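Numbering (my numbering), first residue to last: 3 to 500.
We put the beta carbon where it would ideally sit given N, CA and C, even for glycine.
Computed from a predicted model, the values in this text were never measured in an experiment.
The next block holds one structure in the form of structure tokens; read it before the comments.
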């Protein structure tokens with residue numbers, strides 16, 4: 003490892019409105035190093051990375067690249083120094099193809115459609131990412147959008163690659179392949195920073211780990227110097243209370259009448275004669291690989307995909323329904339917490355209070371034409387407290403919250419509607435270890451109140467911990483069902499793959 007860091011931050015501070023997102027933080031990254039950055043949501047991880055990537059400028063302190071003091075004004079300045087960042091929430095242009103997105107900024111090098119597609123295809127194939135370079139980016143799943151972002155960084159031949167929660171939307175197989183790729187890039191001298199809430203990833207796949215808490219540096223050193231318990235102590239200042247992580251015991255349904263029943267639902271090639279029932283007072287987990295139809299059937303239920311609806315029937319509390327708009331499902335008492343909070347979850351230009359308040363108003367549809375501000379504010383404050391949403395105040399824009407607090411706003415925006423059924427699609431993706439326990443407890447309490455819950459998650463321990471019943475999706479249909487006591491990770495994976 004080189005004695006001179008390729009990137010160094012010296013006592014850097016970044017302030018927003020008098021609040022320090024980073025406070026006198028020093029950080030070093032060396033050529034050929036994989037450096038994990040961990041901490042709770044709001045700890046300053048993304049801010050530190052955005053400083054290096056030229057997205058924001060420090061309020062105080064020095065940034066050096068290869069020993070030279072630099073002052074980036076924009077991401078393009080960082081790019082000229084060989085720095086590329088892959089964001090947790092993708093930045094692809096939906097109206098452009100995968101290949102066009104990958105080539106943005108390199109139009110002079112790849113000046114024909116054929117060259118663009120060929121170059122993109124070669125990189126995608128080398129990474130073993132099964133993505134069509136001619137497909138529009140807006141039609142890609144969350145996982146595939148993430149793949150394209152990573153491929154673009156590799157194509158740019160960056161010497162420093164920053165990955166913000168790179169595995170959050172990937173399957174276990176895709177995650178393993180990504181870390182193999184990172185090792186191969188490391189062997190070529192590429193330095194990498196990756197933010198992860200999966201502490202095992204940091205421990206198993208990094209050379210060094212830096213821990214931040216409340217904008218301050220808590221610890222940094224070789225990965226071999228840390229264990230999971232030590233990381234958690236540095237992150238939250240105490241041992242994690244495991245009481246709220248106790249697995250579900252398999253609650254019986256409160257009624258034999260399902261709150262939701264779907265029969266032979268079809269949608270294009272993604273959902274193929276899928277049938278299942280959801281019962282009140284139970285959490286029904288839907289496991290399966292990305293592309294198995296899990297998220298797609300949720301969107302069919304909510305009326306997101308009316309144009310592609312191929313047939314089937316849906317009953318809500320015994321009444322047959324078919325929604326052409328999500329607003330109709332919301333008015334009927336169904337809420338959906340999207341897997342992509344930035345695209346579908348909130349209005350980023352509005353405040354925390356307004357987002358939660360608009361969620362409450364949505365359940366009335368057109369029956370309420372005015373907004374009772376006092377009631378909205380009251381409900382917003384209640385849900386901010388219940389979900390421990392950390393913000394400067396209720397009027398702070400959601401755009402400037404950490405990823406985990408944004409996710410809590412999305413959940414509050416749905417639960418404030420007092421729905422009879424909630425579909426949680428990857429509810430803890432990109433959320434820190436402390437908030438994961440809080441969100442899981444919220445999901446449990448919601449089911450205990452008598453409502454129905456659908457939990458869609460790529461993280462099998464979460465499915466096993468929370469679910470009373472577990473369905474396994476494969477190729478657009480349900481191929482297996484397990485009672486809580488009978489389910490194991492091995493059984494679920496076998497059903498999902500074979």
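Please determine, among 9, 354, 319, 398, the residue with the shortest C-alpha to C-alpha distance to residue 18.
Ranking the options by Cα distance to residue 18, first place goes to 398.
Give me the Cα-Cα distance between residue 365 and residue 359, rounded to the nearest whole angstrom.
Straight-line Cα distance between these residues: approximately 11 Å.
Looking at the secondary structure, which residues open and close the beta strand (DSSP E) in which residue 62 lies?
Element bounds for residue 62: 62-67.
Per the contact definition of three or more C-beta pairs closer than 8 Å, is the region 63-73 in contact with the region 38-48?
The region 38-48, when compared against the region 63-73, does not touch it at the 8 Å Cβ threshold.
Please name the residue, chosen from 424, 169, 406, 300, that lies closest to residue 88 on a Cα-to-Cα basis.
The residue with the shortest Cα to Cα distance from residue 88 is 169.
Answer yes if the region 35-42 comes into contact with the region 196-212, meaning at least three C-beta pairs across the two stretches below 8 Å, and no otherwise.
Enough Cβ pairs lie closer than 8 Å, so yes.
Bridge partners of residue 12, per DSSP?
Note: residue 12 sits in a beta bridge opposite 64.
Can you find at least 3 beta carbon pairs, one from the region 170-187 and one from the region 129-149, that sit closer than 8 Å?
These segments touch.
Use the C-beta contact count for residue 212: other C-beta atoms within 10 angstroms, 16 or more gives buried, fewer gives exposed.
Its Cβ being crowded by 16 or more others within 10 Å, residue 212 is buried.
Closest to residue 274 by CA distance: which of 305, 484, 376, 295 is it?
Measuring from the Cα of residue 274, the nearest candidate turns out to be 295.
Short of 7 Å in beta carbon distance, which residues of its chain neighbour residue 301, apart from the five on each side in sequence? Order them along the chain.
Excluding sequence neighbours, residue 301 sits near 307.
Going along the chain, which residues of its own chain have a beta-carbon closer than 7 Å to the beta-carbon of residue 84, five neighbours each way excluded?
Excluding residues within five positions, the ones whose Cβ falls inside 7 Å are 160, 161, 162.
Could you tell me which residues DSSP pairs with residue 22 in its beta bridges?
Answer is 17.
Contact defined as beta carbons within less than 8 Å: I believe residue 459 pairs with residue 339. What is the distance between those atoms, to the nearest angstrom?
Not really, about 11 Å apart at Cβ, beyond 8 Å.
Roughly how many angstroms lie between the CA atoms of residue 68 and residue 188, to the nearest whole one?
Residue 68 and residue 188: Cα-Cα distance of roughly 17 Å.
How many whole angstroms separate the CB atoms of residue 207 and residue 36, which I take to be in contact at a CB cut-off of 8 Å?
Right, their Cβ atoms sit about 7 Å apart.
Rounded to whole angstroms, how far is the Cβ of residue 268 from the Cβ of residue 313, which I believe are closer than 8 Å?
Between residue 313 and residue 268 the Cβ distance is about 5 Å, and since that is below 8 Å, they are a contact.
For residue 11, does the count of other Cβ atoms within 10 angstroms reach 16, so buried, or fall short, so exposed?
Under this definition residue 11 is a buried residue.
So what's residue 528 in DSSP terms, helix, strand or just coil?
No statement about residue 528 is possible, as the shown extent of the chain runs from 3 to 500 and does not include it.
Report the partner residues of residue 399 according to the DSSP bridge assignment.
Partner(s): 353.
Is it true that the CB of residue 406 sits closer than 9 Å to the CB of residue 434?
Yes, these two residues count as a Cβ contact at 9 Å.
Examine the ligand GDP and report whether any of its heavy atoms sits within less than 8 Å of the Cβ of residue 24.
For the structure depicted, the ligand GDP is absent and the ligand set is empty, with no information on it obtainable.
Alpha carbon to alpha carbon, how far is residue 136 from residue 22? Give it in angstroms, no decimals.
Rounded to the nearest angstrom, the two C-alpha atoms are 43 Å apart.
Roughly how many angstroms separate the alpha carbons of residue 298 and residue 462, rounded to a whole number?
Between residue 298 and residue 462, the C-alpha separation is close to 19 Å.
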